[in-house]
Amino acid sequence: MNRTASPRRRDVILPWTLPVLILALWQVSTSAGWIAERTLPQPLRVAETLADTIRSGVLLHNLGISAMRAMLGFLIGGGIGFALGLMNGLSKTAEKATDSSIQMIRNIPLFALLPLFIIWFGIGEEIKLALVSLGVFFPVYLNTFHGIRSVDPGLIEMGKVYRMSRRSLYAHIVLPGALPSILVGVRYALGITWLVLIVAETVAADAGIGYMAMNAREFFQLDVIVLSIVIYALLGKLSDSLAKRLEKRFLKWNPTYVPR
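Under my numbering, the first residue of the sequence shown is numbered 3, with each subsequent residue one higher.
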C-alpha cells in the first residue's frame, strides 16, 4: 500500500516543485534587494494584495466577468469551429467551398483585425466576445477537420458492410475516431482563450482581470499587475487540467491513449 501511495504522492508533488523554487527565488531576490521593489514586488506583497482584493470584492467581481467572457467566447468560437470542421471533414464539396477562405483568414494576425472589429462591434462586450471567439475558432476547426479525415477508412467500410445507418456510422465510428484530435483542439483553444482575453479586456473595458491590470498600470501598482498575471496563469492551468480530465474520461476506450 505504501509503494502505491508513494508514486501517487510524487505525481502530486513533482509538478509543483519548479513553481515553488521560482517563488522562493523570487522572494529571496526581492528581500535581499537584488531586484528593486519598483521593478518587481515581493511575493508576500502580492499575497497581501490578493487578500485585500478578495475582501473588498474587487477580485471576485473582475474574475467573474472575465470567466463569463472566456466561457461565452469559447462556446461561440468552439461551437462554430466544431460545426465547420465536421462539415468540411465529411464533405469534399464543403471543404472546397470554404476551407481556402478559412485558411486565408487564419493567417491574418488576430490583433491586426482589432481596428476593424472596433468599427464593426464598437467597444462594448461584443468586441471582446468576437476576439475570443475568433481566437478559439481556428484550433477547434483545424483539429476537428484533421480528426475526421484521419479516421481509419477500413473502420468506415466495415460499418457499411454491417449496414450501419449514416447516423450510427458517424456516432459510433467517425466521431469517436476523431475525438482524440478534437480534444487536442479543445485543450489548445482553452489556452488561447486567456491569451486573447487579456488583450481584449484592454479595449475600453470597465471590468475584468485585464482591466484590473491596465487600471493598475495607470497608478503604477506593480503588485496588482503581477497579481493579474498570476491569476491568468492559474486560470490557464485550471483550463488545461480540465481538458486533461476530459481526455481521461472520454478516451478510456482508446488503446493508444496513455493517461498522464
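Each residue gets a CB set at the ideal place from its N, CA and C atoms; glycine is no exception.
Buried or exposed by the 16-neighbour rule on C-beta atoms within 10 Å, applied to residue i
i, result
"Ser103", "exposed"
"Tyr164", "exposed"
"Lys98", "exposed"
"Lys130", "buried"
Residue i versus residue j - alpha carbon distance
i, j, result
"Leu92", "Asp54", "53 angstroms"
"Gly49", "Pro43", "As written in the sequence, residue 49 is Ala, which differs from the Gly given in the question. Each residue's Cα considered, the two are about 10 angstroms apart."
"Phe123", "Leu133", "10 angstroms"
"Gly83", "Met73", "15 angstroms"
"Arg10", "Trp18", "14 angstroms"
"Ile125", "Glu249", "37 angstroms"
"Pro117", "Val176", "40 angstroms"
"Leu253", "Ser183", "11 angstroms"
"Arg71", "Glu159", "43 angstroms"
"Leu197", "Gln29", "27 angstroms"
Start-to-end residues for the alpha helix (DSSP H) that takes in residue i
i, result
"Ser243", "224 to 252"
"Pro111", "It is not in any alpha helix (DSSP H) - Pro111 carries neither H nor E in the DSSP assignment."
"Thr41", "Careful: Thr41 lies outside any alpha helix (DSSP H) and carries neither H nor E."
"Ala215", "211 to 220"
"Ile121", "116 to 123"
Cβ-Cβ distance between residue i and residue j below 8 angstroms
i, j, result
"Gly75", "Val142", "no"
"Asn145", "Gly187", "yes"
"Tyr213", "Glu220", "no"
"Ile211", "Asn64", "yes"
"Ala215", "Val205", "no"
"Leu88", "Ile150", "yes"
"Gly193", "Val153", "no"
Under the three-state DSSP convention, the category residue i falls into
i, result
"Val22", "helix"
"Ile15", "helix"
"Phe76", "helix"
"Tyr164", "coil"
"Ile200", "helix"
"Met3", "Low per-residue confidence applies at Met3: pLDDT is 46, beneath 50, and the placement is therefore not dependable enough to give any value."
"Val153", "coil"
"Ala69", "helix"
"Val134", "helix"
"Gly35", "coil"
Distance cut-off 7 angstroms: residue i Cβ against heavy atoms of the ligand COA
i, result
"Leu136", "As far as ligands go, the structure on display features none, and thus does not contain the ligand COA."
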